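Undergrad: Below you'll find the structure I mean.
Number of protein chains: 2
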Amino acid sequence: MPKLRQSPLSLTIRIDISDDAWIGHGKIELLEAIADCGSISAAGRAMNMSYKRAWDLVEETNQIFGRDVVQRQVGGKHGGSTALTDFGKELIKRYRRIERVAATAAYDDLAALKSDVTRRKRIS
Amino acid sequence: MPKLRQSPLSLTIRIDISDDAWIGHGKIELLEAIADCGSISAAGRAMNMSYKRAWDLVEETNQIFGRDVVQRQVGGKHGGSTALTDFGKELIKRYRRIERVAATAAYDDLAALKSDVTRRKRIS
Chain A
11 MPKLRQSPLS
21 LTIRIDISDD
31 AWIGHGKIEL
41 LEAIADCGSI
51 SAAGRAMNMS
61 YKRAWDLVEE
71 TNQIFGRDVV
81 QRQVGGKHGG
91 STALTDFGKE
101 LIKRYRRIER
111 VAATAAYDDL
121 AALKSDVTRR
131 KRIS
Chain B
11 MPKLRQSPLS
21 LTIRIDISDD
31 AWIGHGKIEL
41 LEAIADCGSI
51 SAAGRAMNMS
61 YKRAWDLVEE
71 TNQIFGRDVV
81 QRQVGGKHGG
91 STALTDFGKE
101 LIKRYRRIER
111 VAATAAYDDL
121 AALKSDVTRR
131 KRIS
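In the order they appear, the protein sequences are chains A and B.
Counting with this note's numbering, you get residues 11 to 134 for the letters of the first sequence.
Counting with this note's numbering, you get residues 11 to 134 for the letters of the second sequence.
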């Protein structure tokens, strides 16, 4: 696969599902942290977020899509931990892909904006 | 020019200039309102924003790029009003173009996400 050009400026995206519901980098980073840490509370700590706040964000995401993004693992080696559901994993993949194709498509304009900022720094 | 397909879900973008400086839809919509209203205070009112908040956002944008995005108009028919500088107009155009190409590039993934939401509504 050809290596993607690194975007000149970072593009953060928010996907607006309805007037009061969206998916942004906050919810996605939290899901990624849950996958890494194996628990909502540990993921919240890793992101300097209270357990309540982390739970609320997970629950909000469940509500938006009408299906769960995380599941409890019972028994076995990982008993007691929390993992992403297949849908939760798919959601992260889609968000990151949208972010990547968006940044790639906007490459030239981002480069032009970056040169505006760089020019200023050189002058000051 | 071919008509662009309407994006299935709205994509809001934030361009991160540095760790603590970004351009998002808030600043861009304010600049558009200043262009429409001819004054920062009227633009702020139109956006339910205090004059101080509106000024702070304009000043922050000036600082990020090291050049002014608005200018006072003195004398003539529009004396006493505030207009965008050429750079301010260019910034809006670039931001909106980045938003458009990003949404176009991410079309298929946005459509898939939208169908996830729609499916849920049909079930509930």
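We put the beta carbon where it would ideally sit given N, CA and C, even for glycine.
Since this is a predicted model, take the numbers as computed values, not measurements.
#1: Around the C-beta of valine 84(B), are 16 or more other C-beta atoms found within 10 angstroms, so that it is buried, or is it exposed?
#2: Tell me whether lysine 37(A) is buried or exposed, calling it buried when 16 or more other Cβ atoms sit within 10 Å of its Cβ.
#3: Where are the beta strand (DSSP E) runs, 3 residues long or more, that stay fully inside the stretch 31-118 of chain A, in chain order?
#4: Measuring CA to CA, which of Phe75(B), Ser60(B), Gln81(B), Lys62(B) is closest to serine 91(B)?
#5: To the nearest angstrom, how far is the alpha carbon of tyrosine 117(B) from that of isoleucine 33(A)?
#6: Which residues of chain A have a Cβ atom closer than 7 Å to the Cβ of leucine 41(B), listed in chain order?
#7: Can you tell me whether DSSP reads aspartate 26(B) as helix, strand or coil?
#8: In angstroms, rounded to a whole number, what distance separates the CA positions of isoleucine 108(A) and glycine 54(A)?
#9: Quick check: what's the CA-CA separation for isoleucine 102(B) versus glycine 48(A)?
#10: Is any beta-carbon of chain A found at less than 8 Å from that of isoleucine 108(B)?
#11: Look at alanine 112(A) and alanine 115(B) and say whether their C-beta atoms are less than 8 Å apart.
#12: Could you give the distance in angstroms between the alpha-carbon of leucine 40(B) and the alpha-carbon of glycine 98(B)?
#13: Could you compute how far the alpha carbon of valine 127(B) sits from the alpha carbon of isoleucine 74(A)?
#14: For leucine 21(B), does the three-state DSSP call read helix, strand or coil?
#15: Buried or exposed: alanine 129(A), going by 16 or more other Cβ atoms within 10 Å of its Cβ?
#16: By alpha-carbon positions, which one of Thr22(A), Ser17(A), Ser20(A), Glu42(A) ends up nearest to glutamate 100(A)?
#17: Could you tell me whether any Cβ in chain B is nearer than 8 Å to the Cβ of aspartate 26(A)?
#18: From the beta carbon of alanine 122(A), is the nearest beta carbon of chain B less than 8 Å away?
#19: Mind listing the chain B neighbours of valine 111(A)? Cutoff is C-beta to C-beta under 7 Å, in chain order.
#20: Any beta carbon of chain A sitting closer than 8 Å to that of threonine 22(B)?
TA: Reading from the atomic positions:
#1: exposed
#2: buried
#3: 31-33, 80-83, 91-94
#4: Gln81(B)
#5: 16 Å
#6: Within 7 Å Cβ-Cβ: nothing; leucine 41(B) doesn't reach chain A, min ~14 Å.
#7: strand
#8: 25 Å
#9: 43 Å
#10: yes
#11: yes
#12: 11 Å
#13: 7 Å
#14: strand
#15: Note that residue 129(A) corresponds to arginine in the displayed sequence, not to alanine. The residue is exposed, with fewer than 16 neighbouring Cβ atoms inside 10 Å.
#16: Glu42(A)
#17: yes
#18: yes
#19: Ala115, Ala116
#20: yes
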